[in-house]
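Visitor: For the sequence shown, this note's numbering assigns the number 902 to the last residue and increments by one with no breaks.
No residue lacks a Cβ here, since even glycine has one placed at the ideal position from N, Cα and C.
Just so it is clear, the structure is predicted and the values come from calculations on it, not from any experiment.
Below: one structure in structure tokens.
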Amino acid sequence: MSELGRVENTKWWVMGSRMIDVQIKMTGRALELLCVPEDKPCYVLDIGCGTGLSGDYLSDEGHYWVGIDISPAMLDEALDRETQGDVILGDMGQGIPFKPGTFDACISISAVQWLCNANKKSDIPARRLYCFFSSLYSVLVRGGRAVLQLYPENSEQLELITTQATRAGFTGGVVVDYPNSAKAKKFYLCLFSGPSASLPEGLSEDTEEEKPAESTFTAGRIPYRIARRGVVRKSREWVLEKKARRRRQGKEVRPDTQYTGRKRKPRF
């Protein structure tokens, strides 16, 4: 092998080892946020399990797990690595194919945000997200928890995800680790299928000067009227705001024109 080939192989090995290290750290953080009993093995569902790296961490911690992923190639590699958990091929956007109350908890590392993408015309992000969250709510035992690490592209995408989780019956919130760091910043969606529990605190580099960033949401409807004071009902501003909200929810809305919100003359 040439010297250039050795350098390239070393480069790719270093990049791969860094990705594995990040994956393991995020899995450990997700398991910490789950708050599962340390002396009791749990049956955990791993959404987007990939090659089984997260599952190996769960096995090392004494838990049993089942992974689901949409990529046959990654699942084949997981089988070649002889992971201790079971893996199945499936699209989480079409629902989780297990009986109700099967799992004690659920984790997911860098997978849920992909449901916000429409790879084909029939893919509607809001519907796929709701199908995923409603089936996840079903397969968890009463009081079970799910911690989903994700990379939202923007606040609208994060709002879409949390809205569909709330519709499915979950309570909980978003925990943000290292909110002021460009590289270390991580989002964890912590969901509770039973009574609302206290949301864990996010990690921060400077815990004295700044508080950990976190946001909560509940199944209860918060009055929207407070945020809309001063907006006249059925005015152009009111209509545009309503249409923008429906677009964030993934619903089909007619395009805005110069006639949007225009007051019509009475007909005789």
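Is F826 closer than 8 Å to V808 when the C-beta atoms are compared?
Guide: no
Visitor: Which residues in the same chain as G895 place their Cβ atom closer than 8 Å to its Cβ, once the five residues preceding and following it in sequence are excluded?
Guide: K868, S869, R870, E871, W872, V873 and L874
Visitor: For the alpha helix (DSSP H) that contains C765, what are its first and last residues?
Guide: P759 to V773
Visitor: Take L774 and list the residues in its own chain whose beta-carbon comes closer than 6 Å to its own, dropping the five residues that flank it on each side.
Guide: F737 and S827
Visitor: Residues in the same chain with beta-carbon distance under 7 Å from V866, minus the five sequence neighbours each way, listed in chain order, please.
Guide: W872
Visitor: Any idea what DSSP makes of R779, helix, strand or coil?
Guide: strand
Visitor: So does the stretch 700-716 actually touch the stretch 770-789, counting three or more Cβ pairs closer than 8 Å?
Guide: With the cut-off at 8 Å, the stretch 700-716 and the stretch 770-789 do not touch.
Visitor: CA-CA distance, S742 and E672?
Guide: 20 Å
Visitor: Please go through the same chain and pick out, in chain order, the residues whose beta-carbon is closer than 7 Å to the beta-carbon of S688, but skip the five residues on each side of it.
Guide: Q657, T661, D680, I741 and I743
Visitor: Whole angstroms are fine: how far does the CA of V700 sit from the CA of D890?
Guide: If I take the Cα positions, the gap works out to 46 Å.
Visitor: Give, in chain order, every unbroken run of the alpha helix (DSSP H) that is at least 4 residues long and sits entirely within the stretch 669-726.
Guide: 687-694 and 706-714
Visitor: Looking at the unbroken alpha helix (DSSP H) that takes in L792, where does it start and where does it end?
Guide: S789 to R801
Visitor: Go ahead and pull the three-state DSSP assignment for L833.
Guide: coil
Visitor: Within a Cβ cutoff of 6 Å, which residues of the same chain sit near G729, ignoring the five residues on either side of it in sequence?
Guide: C765 and S769
Visitor: Apart from the five residues on each side of it in sequence, which residues of its chain come closer than 8 Å, Cβ to Cβ, to Y785?
Guide: Around Y785: S744, Q747 and F821.
Visitor: Compare the C-alpha of C683 against each of S838, V670 and D725 and name the closest.
Guide: D725
Visitor: Could you give the distance in angstroms between the alpha-carbon of K876 and the alpha-carbon of S651?
Guide: If you take the alpha carbons of K876 and S651, they lie about 47 Å apart.
Visitor: How should Q718 be labelled, buried or exposed, when 16 other C-beta atoms within 10 angstroms of its C-beta is the threshold for buried?
Guide: exposed
Visitor: With a cut-off of 8 Å on the beta carbons, I'd call Q798 and A760 a contact; round off their distance for me.
Guide: 6 Å
Visitor: Kindly indicate which residue of D703, C824, V887 and G686 has the alpha-carbon position closest to the one of D714.
Guide: Check the Cα spacing between D714 and each of D703, C824, V887 and G686: the tightest is with G686.
Visitor: Is the beta carbon of A799 within less than 7 Å of some heavy atom of the ligand ZN?
Guide: Judged by which ligands are present, the structure shown has none, so any question about the ligand ZN falls away.
Visitor: May I ask you to list the residues that DSSP assigns as paired with L784?
Guide: F821
Visitor: Is it buried or exposed, D720, if we count other Cβ atoms within 10 angstroms and call 16 or more buried?
Guide: Counting Cβ neighbours within 10 Å, D720 comes out exposed, since fewer than 16 surround it.
Visitor: Assuming the contact rule is C-beta atoms closer than 8 Å, C824 and V781 should be a hit. Round their C-beta distance to whole Å, please.
Guide: Yes, they are in contact, since the Cβ atoms of C824 and V781 sit about 5 Å apart, within 8 Å.
Visitor: By DSSP, does T891 sit in helix, in strand, or in coil?
Guide: coil
Visitor: Within its chain, find whatever has a CB closer than 8 Å to the CB of S815; leave out the 5 residues flanking it on each side and keep chain order.
Guide: E839
Visitor: Taking the Cβ atom as the reference point for each residue, do H697 and C676 lie within a distance shorter than 8 Å?
Guide: The Cβ atoms of H697 and C676 lie closer than 8 Å to each other.
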